[in-house]
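In what follows, a single structure is set out as structure tokens and then discussed.
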Amino acid sequence: MSCPKSKLISAYLDKEMGLGEKTALESHVQGCAQCEAALKDMQSMQAAFANAERHQAPYGFATRVTARTAALEKKRSPWSVPLFIRFAEAAALVIVITIGILAGTVMTNERSAVTTTNIASSLSLDLFDAAPPGSLGGAYLAMTEVKNEK
Amino acid sequence: MFFVQTDDDLNLIESFKQGDTSAFGEIVLRYQDKIYNLCRHMLGNTADAEDAAQDVFLKAYQALPKFQPEASLYTWLYRIATNTCIDYKKKPIFESLFGDSGEGERLVHDRATDAPSPEKLYQSKQIDKALQESLGKLSPKLRAIIILKEIEELSYEEIADALEISMGTVKSRIARAREELQRLMKKFREQNP
């Protein structure tokens, strides 16, 4: 069974305890073989950690990160446009479509009016000569018309 | 406390939020060694460490627009790094914590200056080996907290901030990690006299 005070050794090593607690633990360790051994073990472990190598990022690391963020940015660029610009774009599109529809309707109305007139006049018999022009019948009808006018 | 939110950090974050993506490049340059070092010790090999460290910065890039300036950029990055490493694909880890380093990787720590005797060197190597093996057998959460404390040299307060846990939890978790490491190292020494 381990000594309950051994749990305090970690905080003692890290200097994360008050002066009173520290002094009390130090005097306890002097009389407790178990805590003395635990403290020694932890101190040698701490020394091993202190000797552990510190590694620096490999050459070109930042460049590779930047390339990945640039790729990410490119991928999501259609959505990276600020919200108000996206709304403005949508509004502009709606306005253009509405103008197009209105202009189209007006032009269609005008054209249909003209077409109706043309159809009515094309149906009139006035368009047709009673006899083909330059024919004998045509000459006769012309003489009759002159005679009637007189 | 050896790090605080610097004005430079705040300026870089503000520039980034206003659309200057080069500011993020500055952040990467500033913190790449610390984040890489944490990933390297958490995952135990250079290839996974680089993958994970790149993921950390990619996540940071995506989340930075929502970053609150009240938090420390440094501990925020450590938080992302720790979570990334804990969630990292499970692989046999710790080929080397203290030994061989990968290509292009520079080692900061220079142990040659002490010029220890061959006997001391052997003892030191045995302790290193025991620590390396034992650390690899710790649960990721305990491994993370002990690395933040012993390798990254963060204070309890900084660890609490980085891992979003209370000071009491930091204290008890570090103590548990040490006890567990001590037990594993003892077992290792018994098996490898």
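Respectively, the protein sequence lines represent chains A and B. Sequential numbering of the first sequence, starting at 143, is according to our numbering. Sequential numbering of the second sequence, starting at 49, is according to our numbering. From the three backbone atoms N, C-alpha and C, an ideal C-beta is built for every residue, glycine too. Bear in mind the structure is a predicted one, so any value in this text is a computation, not a measurement.
1) If we ignore side chains and look at the alpha-carbon of each, how far apart do Phe-224(B) and Gln-66(B) end up?
2) Taking C-beta pairs closer than 7 Å, name the residues in chain B that Thr-240(A) reaches, listed in chain order.
3) Between the alpha carbons of Gly-276(A) and Ile-241(A), how many angstroms are there, rounded?
4) Ignore the nearest five residues each way along the sequence and tell me which others in Ala-273(A)'s own chain have a CB closer than 7 Å to its CB.
5) When the Cα atoms are used, what is the spatial distance from Phe-236(B) to Cys-177(A)?
6) Is the separation between the beta-carbon of Ala-119(B) and that of Ile-83(B) shorter than 7 Å?
7) Taking the alpha helix (DSSP H) that His-170(A) belongs to, which residues open and close that run?
8) Counting pairs of Cβ atoms below 8 Å between the segment 105–116 of chain B and the segment 208–215 of chain B, do you hit three or more?
9) Kindly indicate the opening and closing residues of the alpha helix (DSSP H) around His-197(A).
10) My guess is that Tyr-136(B) and Ala-100(B) are in contact by the Cβ rule of under 8 Å, so how many angstroms apart are they, rounded?
11) Please state if the CB of Gly-184(B) and the CB of Thr-208(A) are separated by a distance shorter than 7 Å.
12) Identify, in the order they occur along the chain, each residue of the same chain with its Cβ nearer than 7 Å to the Cβ of Thr-123(B), setting aside the five sequence neighbours on each side.
13) Quick check: the segment 191–204 of chain A against the segment 168–175 of chain A, are there 3 or more CB pairs under 8 Å?
14) Please say whether Leu-91(B) and Cys-133(B) have beta carbons closer to each other than 7 Å?
15) Report yes if the C-beta distance between Arg-231(B) and Ile-193(B) is below 7 Å; otherwise report no.
16) Enumerate in chain order the residues of its own chain whose CB-to-CB distance from Phe-51(B) is below 6 Å, with the five nearest sequence positions on each side excluded.
17) For the alpha helix (DSSP H) that contains Thr-69(B), what are its first and last residues?
18) Below 7 Å between beta carbons: does that hold for Ala-204(A) and Gln-239(B)?
19) With Lys-147(A) and Cys-174(A) assumed to form a contact (beta carbons below 8 Å), what rounded beta-carbon distance in angstroms separates them?
20) Could you compute how far the alpha carbon of Leu-196(B) sits from the alpha carbon of Asp-56(B)?
21) Could you check what DSSP says for Ile-199(B) in three-state terms: helix, strand or coil?
22) Can you give me the C-alpha to C-alpha distance between Ala-179(A) and Gln-171(B), rounded to a whole angstrom?
23) Let me know if Glu-198(B) comes out buried or exposed under the rule of 16 or more other beta-carbons within 10 Å of its beta-carbon.
24) Quick test of your reading: Ala-97(B) and Arg-88(B), contact by CB under 8 Å. State the CB separation rounded to the nearest angstrom.
25) Using a threshold of 7 Å, state whether the C-beta atoms of Met-184(A) and Leu-155(A) are closer than that.
26) Consider the Cβ of Arg-218(A): report whether some Cβ of chain B lies at a distance smaller than 7 Å.
27) Please state if the CB of Leu-58(B) and the CB of Ala-71(B) are separated by a distance shorter than 7 Å.
Answer, in terms of the structure:
1) In the second sequence, counting from the first residue as 1, residue 224(B) sits at position 176. In the second sequence, counting from the first residue as 1, residue 66(B) sits at position 18. A small correction: the amino acid at residue 224(B) is Arg; Phe does not occupy that position in the sequence shown. Approximately 44 Å between the Cα atoms of the pair.
2) Here residue 240(A) refers to the residue found at position 98 when the first sequence is read from its first residue. What Thr-240(A) touches in chain B: nothing, since even the nearest Cβ is about 33 Å away.
3) Counting from one through the first sequence, the residue named residue 276(A) turns up at place 134. Counting from one through the first sequence, the residue named residue 241(A) turns up at place 99. Per the coordinates, the alpha-carbon of Gly-276(A) lies some 54 Å from the alpha-carbon of Ile-241(A).
4) As a first step, residue 273(A) is located in the first sequence; it is residue number 131 there, counting from the start. Closer than 7 Å at Cβ, skipping near neighbours: Gly-279, Gly-280, Leu-283.
5) Residue 236(B) sits at position 188 when you count from the first residue of the second sequence. Residue 177(A) sits at position 35 when you count from the first residue of the first sequence. Taking the Cα positions, Phe-236(B) is about 21 Å away from Cys-177(A).
6) The residue you call residue 119(B) lines up with position 71 of the second sequence. The residue you call residue 83(B) lines up with position 35 of the second sequence. Using a Cβ distance threshold of 7 Å, Ala-119(B) and Ile-83(B) do not count as a contacting pair.
7) Taking the first residue of the first sequence as 1, we reach residue 170(A) at position 28. 161–173 is the extent of the alpha helix (DSSP H) around His-170(A).
8) No, the segment 105–116 of chain B does not touch the segment 208–215 of chain B.
9) As a working note, residue 197(A) is residue 55 in the first sequence. Note, His-197(A): premise wrong, no alpha helix (DSSP H); not H, not E.
10) Position 88 of the second sequence, counted from the start, is the residue given in the question as residue 136(B). Position 52 of the second sequence, counted from the start, is the residue given in the question as residue 100(B). Contact between Tyr-136(B) and Ala-100(B) holds: their C-beta atoms lie close to 5 Å from each other, under 8 Å.
11) On the first sequence, position 66 is the one that residue 208(A) refers to. On the second sequence, position 136 is the one that residue 184(B) refers to. No, they are not a contact pair.
12) Locating residue 123(B) in the second sequence gives position 75, where the first residue counts as 1. Closer than 7 Å at Cβ, skipping near neighbours: Glu-206, Asp-209, Ala-210.
13) With a cut-off of 8 Å, the segment 168–175 of chain A and the segment 191–204 of chain A do not count as touching, because too few Cβ pairs lie within range.
14) Within the second sequence, numbered from 1, the residue matching residue 133(B) stands at position 85. Within the second sequence, numbered from 1, the residue matching residue 91(B) stands at position 43. Between Cys-133(B) and Leu-91(B), the C-beta gap is smaller than 7 Å, which places the two residues in contact.
15) Along the second sequence, read from residue 1 onward, the residue named residue 231(B) stands at position 183. Along the second sequence, read from residue 1 onward, the residue named residue 193(B) stands at position 145. No, the Cβ-Cβ distance between Arg-231(B) and Ile-193(B) is not below 7 Å.
16) Here residue 51(B) is taken as the residue at index 3 of the second sequence, counted from 1. Because the pLDDT at Phe-51(B) is just 48, under 50, the model does not fix this residue reliably, and the point stays unresolved.
17) Looking up residue 69(B) in the second sequence gives position 21. Premise fails: Thr-69(B) is in no alpha helix (DSSP H) and is neither H nor E.
18) Locating residue 204(A) in the first sequence gives position 62, where the first residue counts as 1. Locating residue 239(B) in the second sequence gives position 191, where the first residue counts as 1. No, they are not a contact pair.
19) Residue 147(A) sits at position 5 when you count from the first residue of the first sequence. Residue 174(A) sits at position 32 when you count from the first residue of the first sequence. The pair is a contact, with the Cβ atoms about 7 Å apart (cut-off 8 Å).
20) For this step, residue 196(B) is matched to residue 148 along the second sequence. For this step, residue 56(B) is matched to residue 8 along the second sequence. One C-alpha to the other measures close to 24 Å.
21) Position 151 of the second sequence, counting from 1, holds the residue named residue 199(B). Three-state result, Ile-199(B): coil.
22) The sequence position of residue 179(A) within the first sequence is 37, counting from 1. The sequence position of residue 171(B) within the second sequence is 123, counting from 1. Rounded to whole angstroms, Ala-179(A) and Gln-171(B) show a C-alpha spacing of 18 Å.
23) Walking along the second sequence from the start, residue 198(B) turns up at place 150. That one is buried.
24) Here residue 97(B) refers to the residue found at position 49 when the second sequence is read from its first residue. Here residue 88(B) refers to the residue found at position 40 when the second sequence is read from its first residue. Yes, they are in contact, since the Cβ atoms of Ala-97(B) and Arg-88(B) sit about 4 Å apart, within 8 Å.
25) For the purposes of this step, residue 184(A) is taken as the residue at position 42 of the first sequence. For the purposes of this step, residue 155(A) is taken as the residue at position 13 of the first sequence. The answer is yes: Cβ separation under 7 Å.
26) Along the first sequence, one-based indexing puts residue 218(A) at 76. So no, Arg-218(A) is outside the interface.
27) Mapped onto the second sequence, residue 71(B) falls at position 23. Mapped onto the second sequence, residue 58(B) falls at position 10. It is not a contact, given that the beta carbons lie outside the stated cut-off.
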